[in-house]
Amino acid sequence: MKKFAGKVAIVTGGAAGIGGASARLLAEHGASVLIADINTAEAQANAETIRARGGTAEVTSTNVGRHEEIAAMVQTAIDHWGRLDILVNNAFSPTDESDGDAIAVSEDAWDAGMATLVKAHFLAAKYAVPHMRASGGGSIVNISSVHGLLMAPQKLIYEAGKSAVIGVTKQMAIDFGPDGIRVNAICPGHIVTERQKERWDANPSGLRYFEDQYPVRRTGVPLDIANAVSFLCSDEASFITGPCARR
Numbered sequence: 001m002k003k004f005a006g007k008v009a010i011v012t013g014g015a016a017g018i019g020g021a022s023a024r025l026l027a028e029h030g031a032s033v034l035i036a037d038i039n040t041a042e043a044q045a046n047a048e049t050i051r052a053r054g055g056t057a058e059v060t061s062t063n064v065g066r067h068e069e070i071a072a073m074v075q076t077a078i079d080h081w082g083r084l085d086i087l088v089n090n091a092f093s094p095t096d097e098s099d100g101d102a103i104a105v106s107e108d109a110w111d112a113g114m115a116t117l118v119k120a121h122f123l124a125a126k127y128a129v130p131h132m133r134a135s136g137g138g139s140i141v142n143i144s145s146v147h148g149l150l151m152a153p154q155k156l157i158y159e160a161g162k163s164a165v166i167g168v169t170k171q172m173a174i175d176f177g178p179d180g181i182r183v184n185a186i187c188p189g190h191i192v193t194e195r196q197k198e199r200w201d202a203n204p205s206g207l208r209y210f211e212d213q214y215p216v217r218r219t220g221v222p223l224d225i226a227n228a229v230s231f232l233c234s235d236e237a238s239f240i241t242g243p244c245a246r247r
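Per our numbering, the sequence shown starts with residue 1, numbered consecutively.
As structure tokens, this is what we get:
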């Protein structure tokens, strides 16, 4: 019996990168997965990969910065499979306007960044948790970042948002623990996603610099984080809620 057999999962930003790998691994372990992403072509390609491997996946176009689209995302999962057990909040699309300090960043850029980095987690829980309660419990995994723990210059929006994700995670763990709903965060370091790989293929010495910062002398790949997601969503982690796992 696969460990997520009969379970339903939503993965935001599930087209590629950490979200893409998480969607594939959850499906491999038996979950029916809704891939929510603004890049529907890439999301469909990931869903087709899952189906080709014998898994179950559907796609919905979702901008997590918009209230109505998050509500529709959760309802789509319910319409397809009638329940919800797992939510992976991963989506974020940085723009050039996201960078800068408190002087340089515009209020509009701040509001847009906070909408996708923080408000999306609040809204996703608002709509997902009632269905998890109805299913007898569930697991929420929020993808924060090492940048939620250590600050970098000229990254006010990202650092503030990822720090807030850690606080939101701890607080929701307290609120929803009595319902059998666990809430955890993962703080990835440098993960070489598909897009990052293109960058480092052209600059291998730059990649080696990052590799040297880790005790294992390598950077991470999306599957490394997906493995952590899978563990935190499983019964093996049934006594774990609230912590932030640095990867």
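Every residue gets a Cβ at the ideal spot worked out from N, C-alpha and C, and that includes glycine. Please read these numbers as outputs of a predicted model, since none were measured by experiment.
- According to the DSSP assignment, Val64 belongs to no beta strand (DSSP E), since it is labelled neither H nor E.
- Taking C-beta atoms under 8 Å as the contact rule, Val64 and Ala120 qualify, at a distance of about 4 Å.
- Taking C-alpha positions only, Glu42 is separated from Gly13 by approximately 10 Å.
- DSSP, read as helix, strand or coil, puts Asn39 in coil.
- Annotation: the continuous beta strand (DSSP E) that includes Ala9 extends over Val8 to Thr12.
- The alpha carbon of Ile86 has as its nearest neighbour, out of Ile103, Met172 and Leu34, the alpha carbon of Leu34.
- Excluding residues up to 5 positions away in sequence, Glu28 lie with their Cβ nearer than 7 Å to the Cβ of Arg53 in the same chain.
- Looking at the backbone, the Cα of Gly19 and that of Val11 are separated by about 6 Å.
- At a Cβ-Cβ threshold of 8 Å, Phe4 and Ala31 count as neighbours.
- Take Thr241, set aside five residues on each side of it, and the residues of its chain with a beta-carbon closer than 7 Å to its own are Ala173, Gly177, Arg182, Val183 and Asn184, in chain order.
- Thr76 sits in a helix when the DSSP states are folded into three classes.
- Looking at the DSSP output, Asn184 sits in a beta bridge with Val141.
- Residue pairing by DSSP places Leu87 opposite Ile10 and Ile140 in a beta bridge.
- Note that the C-beta distance between Ala124 and Asn89 is below 8 Å.
- Judged by DSSP secondary structure, Gly82 falls outside any alpha helix (DSSP H); it is assigned neither H nor E.
- Spanning the alpha carbons of Arg199 and Phe92 requires a straight line of approximately 19 Å.
- For Ile103, the number of other beta carbons within 10 angstroms of its own is below 16, and it is reported as exposed.
- Distances from the alpha-carbon of Val165 to those of Gly206, Ile191, Cys233 and Met114 put Met114 closest.
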